[in-house]
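Numbering of the sequence shown is given in our numbering, commencing with residue 1 and proceeding in unit increments. The beta-carbon is built from N, C-alpha and C at its ideal position, and this holds for glycine as well.
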Amino acid sequence: MDKYDLLLLDIISDHRENGLKMNIGLSQLERTFWKRIESTSNLSINQARIGERITRLYLENLIENKGGYCLTRKGRSLLAEQEEQPQRMAG
């Protein structure tokens with residue numbers, strides 16, 4: 001699990017938290033992923049490989065595709081753990 005995988009999980013989570021009832025579609029997920037990479041200086045487009053990453057996250061049961069992508073319970077808990085780690089280090 002690296003920063004690109006976490007970025008995908010974060011995009012899927014943000015989509016749901018923004019009050020959108022539908023799961024995020026692949027085209028919107030890809031578009032948002034590339035926009036965030038372009039706007040973040042520590043991420044490289046060359047290392048992104050979005051298709052492989054989505055497949056691996058799906059096979060690891062972190063996301064599911066039900067008319068669009070959403071996080072599984074395992075994906076939500078992993079993302080929450082990753083978000084808590086920087087807070088623990090700072091505190």
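With a 10 Å radius around its C-beta and 16 neighbouring C-beta atoms as the bar for buried, classify residue i as buried or exposed.
i, result
"G19", "exposed"
Let's see if you can read the secondary structure: which residues bound the alpha helix (DSSP H) around residue i?
i, result
"L20", "That residue, L20, is in no alpha helix (DSSP H); it is neither H nor E in DSSP."
"E60", "No alpha helix (DSSP H) contains E60, which DSSP labels as neither H nor E."
"R31", "26 to 39"
What residue range does the beta strand (DSSP E) around residue i cover?
i, result
"L98", "A query on residue 98 cannot be resolved here, the shown segment of the chain reaching from 1 to 91 and no further."
Rounded to whole angstroms, what's the CA-CA distance from residue i to residue j? Just pull it up for me.
i, j, result
"D2", "R56", "12 Å"
"E17", "L29", "15 Å"
"S44", "G68", "26 Å"
"H15", "N23", "8 Å"
From the DSSP output, in three-state form, read off residue i for me.
i, result
"L43", "coil"
Would you check if the stretch 31 to 49 and the stretch 60 to 76 touch, i.e. whether three or more CB-CB distances between them fall below 8 Å?
no
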